[in-house]
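Printed below as a string of structure tokens:
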């Protein structure tokens, strides 16, 4: 959501510079902008640029206004760079809390759709020194994690350590046992 908000604010700011209209004051326009920003973010995970084109996004006394902004992956990455960097800190804490070193991590699994963003994957690779696994769907990983948590809480699985420090649980399985 933070990534989306950064992009929405950027697009609204560019529109305000060009047209003199603040889309934050128009709930319908803002909803259309939110949907377009999310679509653009997804497209930029697999391409270098995309166009955000919203005809008739709003109107003023001079008539209808159209938003048409070319967005590059590089621009998106610059908008969210600090957010990407902040995602590494919980990894450091979880590894420390588990009493491990980064070098002892065998696999990295990314969770959530935003992890498809190449900049996020690059930050993870730089921190862990290895690529994240590509055989786990980032959207399904949340449901799988919830199933593992349920199995641990019910007592069916005993060799998983859960960390409840974050809004989501981190799971670590020790395969050496």
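In the working numbering, the protein residues as written are 219 to 395. The beta-carbon is built from N, C-alpha and C at its ideal position, and this holds for glycine as well.
Check: Mind checking residue 312: buried by the 16 CB within 10 Å criterion, or exposed?
Finding: buried
Checklist line | Element boundaries [beta strand (DSSP E), containing residue 281] | finding: 281-290
Note to self: Can you confirm whether the stretch 315-322 touches the stretch 251-267 when touching is taken to mean that 3 or more C-beta pairs between the two stretches lie within less than 8 Å?
What the structure shows: no
Checklist line | Helix, strand or coil at residue 269 [DSSP, three-state] | finding: strand
Margin query: For residue 351, which residues in the same chain have their Cβ closer than 6 Å to its Cβ, ignoring the five residues on either side in sequence?
Written below: 325 and 327
Item checked: Enclosing alpha helix (DSSP H) for residue 231 [first to last residue] -> 220-237
Note to self: Can you tell me whether residue 224 is buried or exposed? The criterion is at least 16 other CB atoms within 10 Å of its CB, across all chains shown.
What the structure shows: buried
Next item on the list: Measure how close the beta-carbons of residue 278 and residue 239 come, nearest whole angstrom, since I'm counting them as under 8 Å.
Entry: 6 Å
Margin query: For residue 250, which residues in the same chain have their Cβ closer than 7 Å to its Cβ, ignoring the five residues on either side in sequence?
Written below: 272 and 275
Next item on the list: Below 7 Å CB to CB, which residues in the same chain sit around residue 282 once its five sequence neighbours on both sides are set aside?
Entry: 274
Notebook entry, point to check: How would you write the range of the alpha helix (DSSP H) that residue 249 sits in, first residue to last?
Noted result: 245-261
Item checked: Residue nearest to residue 343 in terms of C-alpha spacing, selected from 361, 369, 302 and 330 -> 302
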